Structures are given as C-alpha cells and as structure tokens.
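Inspection log for the structure reproduced underneath, given as structure tokens.
In full-length UniProt numbering, the protein residues as written are 1 to 154.
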C-alpha cells in the first residue's frame with residue numbers, strides 16, 4: 001500500500017510567453033496578488049502569485065521560444081498531508097522502490113519538494129510545507145528568498 005498521502009493540489013506552474021504581462025492579467029482578472037519574483041536560478045524571471053493565503057497558487061515561468069501549445073504546464077504541486085522531512089523521505093524511498101523517475105529534489109525555503117514523472121512524462125511534485133501559510137508567513141519568506149530553488153539530497 002502506498003504511503004503517499006496528498007492533502008490537496010497546492011499549485012500549478014504555467015509556461016507563458018511573458019510572465020509579467022500574464023501576472024498582470026491574473027491580478028486584474030482573478031484578483032490574485034504577486035507574492036514573489038524569482039531573482040536567480042532555474043526560475044529566474046518567474047512570477048509567483050496567490051489567491052490569498054498560500055505562498056503561491058500559480059507560478060508563471062517564461063516558455064521557450066516556439067514552444068508548442070500544450071507545453072504550458074511545467075508541473076502540478078501536491079501538498080502532502082504529512083509535514084515532516086521524515087514523511088518526505090518515506091515518499092522518496094517509496095518512489096525509488098517503485099522505479100518512479102525522479103527529476104530533482106528542491107528546497108524552496110517555504111517547502112521541500114520531490115519532482116517526479118508520471119508514465120506519460122507529466123511532472124508532478126509532492127512537497128512538505130516548512131513555513132506555515134497562515135498569516136502570510138510563507139508569502140513573506142518566498143518574497144524574501146526570491147523563489148529559492150536549491151537542489152538537495154534526501
């Protein structure tokens with residue numbers, strides 16, 4: 001039996017032509033707010049947006065020039081019911097036992113996530129939230145660390 005216990009879909013990441021223009025649209029149309037802009041690393045130029053409490057519900061990353069339609073989704077983030085690194089390590093061990101292809105493990109400051117692929121090549125992420133979302137704490141940290149994405153080993 002799988003030990004993976006997902007609490008909810010936590011965020012989506014979209015590839016877009018112009019992250020800043022798209023962010024303005026999401027603010028104007030869906031009443032979202034920008035919580036952070038990625039300053040460096042693999043997400044440089046990305047914009048993180050929230051509907052309210054979460055550090056981000058939608059992230060917008062620059063699409064490659066000439067990217068085909070349908071490549072808009074980068075990954076789907078799944079918030080784990082368990083919030084400890086031990087829970088995350090148990091998930092990692094389970095993935096390895098099952099032969100799940102793992103892309104990377106990243107420490108975002110607000111959370112640590114395992115990025116992996118489904119059989120069709122869609123990237124998913126299970127993560128444990130390190131900084132509470134309540135009271136804007138995770139939003140403040142994501143803004144402070146500018147979308148941190150540091151590769152780590154579990």
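For every residue, glycine included, the Cβ atom is placed at its ideal position computed from N, Cα and C.
All values derive from a computational prediction rather than experimental measurement.
Original post:
To the nearest angstrom, how far is it from the Cα of residue 75 to the Cα of residue 146?
Top reply: Against the chain shown, residue 75 aligns to sequence position 75. Against the chain shown, residue 146 aligns to sequence position 146. Spanning the two alpha carbons is a distance of roughly 19 Å.
Original post:
Looking at the unbroken beta strand (DSSP E) that takes in residue 10, where does it start and where does it end?
Top reply: As a first step, residue 10 must be located in the chain shown, where it is residue number 10. Note, residue 10: beta strand (DSSP E), 6-16.
**OP:** Give a yes or no on contact between the region 73-90 and the region 10-30, applying the rule of three or more CB pairs nearer than 8 Å.
**Re:** yes
**OP:** Let me know the secondary structure DSSP gives residue 151 once reduced to three states.
**Re:** Within the chain shown, numbered from 1, the residue matching residue 151 stands at position 151. Residue 151: strand per DSSP, three-state reduction.
Subject >> 8 Å contact criterion, which residue 48 and residue 63 should meet: CB distance rounded >> reply: As a first step, residue 48 must be located in the chain shown, where it is residue number 48. As a first step, residue 63 must be located in the chain shown, where it is residue number 63. Wrong, their Cβ atoms sit about 17 Å apart, outside the cutoff.
**OP:** Kindly indicate the opening and closing residues of the beta strand (DSSP E) around residue 79.
**Re:** Position 79 of the chain shown holds residue 79. 73-80 is the span of the beta strand (DSSP E), which, as asked, contains residue 79.
Original post:
Is residue 129 helix, strand or coil when you go by DSSP?
Top reply: As a first step, residue 129 is located in the chain shown; it is residue number 129 there, counting from the start. Three-state DSSP puts residue 129 in a strand.
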